[in-house]
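To keep things clear, I will list the structure first and then write my remarks on it.
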Amino acid sequence: MNVITDPSAMQRAADGARAEGKTIAFVPTMGALHDGHLTLIREAVGYGDTVVTSIFVNPTQFGQGEDFDRYPRDLDRDAPLAADAGCDILFVPSQSAMYPGGHATFVNVEGITEVLEGKSRPGHFRGVATIVAKLCNIVKPHVLLLGQKDGQQVAVLRRMLRDLQFDVRLVVVPTVREDDGLAMSSRNVYLTPEERAQAPVLCAALRMAEERIRGGESNAGVVREAMRGMITSKPLASIDYVSVAHGESLEELVRIAPGIPVMISLAVRFGTTRLIDNTTFTL
Ligand code: AMP
342 MNVITDPSAM QRAADGARAE GKTIAFVPTM GALHDGHLTL IREAVGYGDT
392 VVTSIFVNPT QFGQGEDFDR YPRDLDRDAP LAADAGCDIL FVPSQSAMYP
442 GGHATFVNVE GITEVLEGKS RPGHFRGVAT IVAKLCNIVK PHVLLLGQKD
492 GQQVAVLRRM LRDLQFDVRL VVVPTVREDD GLAMSSRNVY LTPEERAQAP
542 VLCAALRMAE ERIRGGESNA GVVREAMRGM ITSKPLASID YVSVAHGESL
592 EELVRIAPGI PVMISLAVRF GTTRLIDNTT FTL
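Be aware that the sequence shown starts at 342, since it is given in our numbering, and climbs by one per residue.
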């Protein structure tokens with residue numbers, strides 16, 4: 342595996358791969374790699390002759406008071422994990438290479454960024470859309486792989502790729518979970534043992550909600566209330582939001598009906614740790 346830190350060198354490597362007729366598959370990450378990320382990289386091997394993974398803790402997607410400073414960073418641990426999963430090029434740019442002085446251009450996807458994560462974390466998706474657009478211009482992928490774990494991020498980036506006419510195919514990989522259902526996340530390491538023991542309630546609430554809907558419950562408000570009840574039964578859990586929304590517009594649903602894509606999602610705090618999870622389906 343080749344480790345590249347300079348964006349221009351990455352662009353030359355991408356041009357070289359394309360000149361040889363190779364397909365580039367790209368997995369952007371913020372590092373602290375876990376089995377969720379590694380599953381994306383393993384999947385990427387099936388889509389590309391050259392698999393590129395980026396590790397960049399993107400400052401513009403963190404709000405004030407969020408965990409940018411304490412976000413786990415360990416390249417010595419991450420690099421061999423990425424290589425074992427099938428990564429050919431690990432792109433690890435510095436902050437000054439990605440945001441040199443005078444950087445003034447941002448990508449703003451309107452509408453769907455104003456709800457859910459976008460409402461709780463103003464400016465978050467502006468940072469996400471900007472960095473992914475920049476990374477696509479540097480890595481020049483044919484295929485971009487994203488995790489369903491960040492459901493709204495998928496919807497926002499799908500919109501951006503379409504609206505800005507990126508010549509990139511999007512592949513979404515299902516959420517990878519621990520044995521007890523907790524979605525794998527780089528932030529799980531922040532949890533105390535007591536919080537970790539209660540955190541699987543997120544996944545349990547999503548499963549319960551989907552079962553209630555599949556069992557005939559069509560009132561989205563009833564489903565939201567049932568999820569709230571289940572989550573608040575855990576004393577360390579504090580709900581940020583619980584949502585039963587249209588899977589594409591992300592507008593909150595009143596009624597759930599056959600043929601309508603549904604995204605059930607939630608954000609819950611355990612102490613200082615904020616966890617998100619979601620499930621999507623169409624009846
Ligand atoms: P992050 O490092 O959190 O920015 O995540 C990088 C990519 O990995 C994103 O596309 C995430 O959606 C994806 N990802 C993170 N956790 C998981 C997971 N548990 N299962 C599947 N994909 C994940």
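All C-beta atoms, glycine included, are put in the ideal place defined by N, C-alpha and C.
Please name the residue in the options whose C-alpha comes closest to that of residue i.
i, options, result
"L301", "V564, N619, L485 and I472", "Given that the chain is displayed from residue 342 to residue 624, the structure contains no residue 301 and the question cannot be resolved."
"Y582", "P576, S559 and R610", "R610"
"E593", "N560, L616 and L577", "N560"
"S672", "R383, I554, I345 and G452", "Any answer about residue 672 is impossible in this case: the structure gives the chain only from 342 up to 624."
"D553", "I597, L577 and S527", "Correcting the residue identity first, residue 553 is Arg in this sequence and not Asp. With distances taken between Cα atoms, R553 lies closest to I597."
"G488", "I617, D347 and D520", "I617"
"A360", "D390, M342 and L374", "D390"
"V540", "G612, I396 and T623", "Strictly speaking, residue 540 in this sequence is Ala, with Val absent from that position. Taking only the C-alpha atoms, the option nearest A540 is G612."
"Q494", "H375, R555, L422 and G464", "G464"
"V595", "M571, V517 and R565", "R565"
"E458", "V497, D508 and G443", "V497"
"P348", "P369, P434 and T380", "P434"
"V386", "F409, T533, V512 and N478", "V512"
"L476", "P421, F507 and E535", "F507"
"E558", "L624, R499 and V517", "L624"
"T621", "A358, P534 and T516", "T516"
"R418", "L379, Y388, A358 and D408", "L379"
"A474", "R499, F409, D410 and A420", "R499"
Given 7 Å as the limit, tell me if residue i has its C-beta closer than that to any heavy atom belonging to the ligand AMP.
i, result
"G387", "no"
"A474", "no"
"Q489", "yes"
"M525", "yes"
"P369", "yes"
"T380", "yes"
"V517", "yes"
"Q352", "no"
"V514", "yes"
"G377", "yes"
How many angstroms separate the CA atom of residue i from the CA atom of residue j?
i, j, result
"R510", "K363", "15 Å"
"A355", "N529", "34 Å"
"P482", "D491", "20 Å"
"D504", "S574", "42 Å"
"D415", "F403", "19 Å"
"P599", "Q436", "46 Å"
"A440", "G468", "According to the sequence displayed, residue 440 carries Tyr and not Ala. So the two alpha carbons sit approximately 12 Å from each other."
"D521", "R537", "10 Å"
"R383", "A426", "5 Å"
"A640", "A470", "Because the chain in this structure spans residues 342 to 624, residue 640 falls outside the shown range and cannot be described."
"G406", "L577", "21 Å"
"E519", "G443", "42 Å"
"G562", "S395", "40 Å"
"G556", "I601", "16 Å"
"F409", "R462", "13 Å"
"T533", "A358", "45 Å"
"N343", "E535", "40 Å"
"Y388", "Y412", "30 Å"
"P369", "N478", "13 Å"
"E551", "T454", "24 Å"
Is the beta carbon of residue i sitting closer than 8 Å to the one on residue j?
i, j, result
"M501", "V448", "yes"
"A546", "M568", "yes"
"G377", "M549", "no"
"C428", "V392", "yes"
"F367", "L523", "no"
"I365", "V514", "no"
"I472", "I345", "no"
"S527", "M371", "yes"
"T614", "Y531", "yes"
"V484", "F466", "no"
"S579", "L607", "no"
"M604", "G588", "yes"
"L628", "A424", "Only positions 342 to 624 of the chain appear in the structure, and residue 628 is not among them; the question remains open."
State yes or no: is the C-beta of residue i nearer than 7 Å to some heavy atom of the ligand SAH?
i, result
"Q494", "As far as ligands go, the structure on display features the ligand AMP and does not contain the ligand SAH."
For a cutoff of 8 Å on Cβ pairs, would you count residue i as touching chain D?
i, result
"P463", "Among the protein chains of the structure shown there is no chain D, as only one such chain exists."
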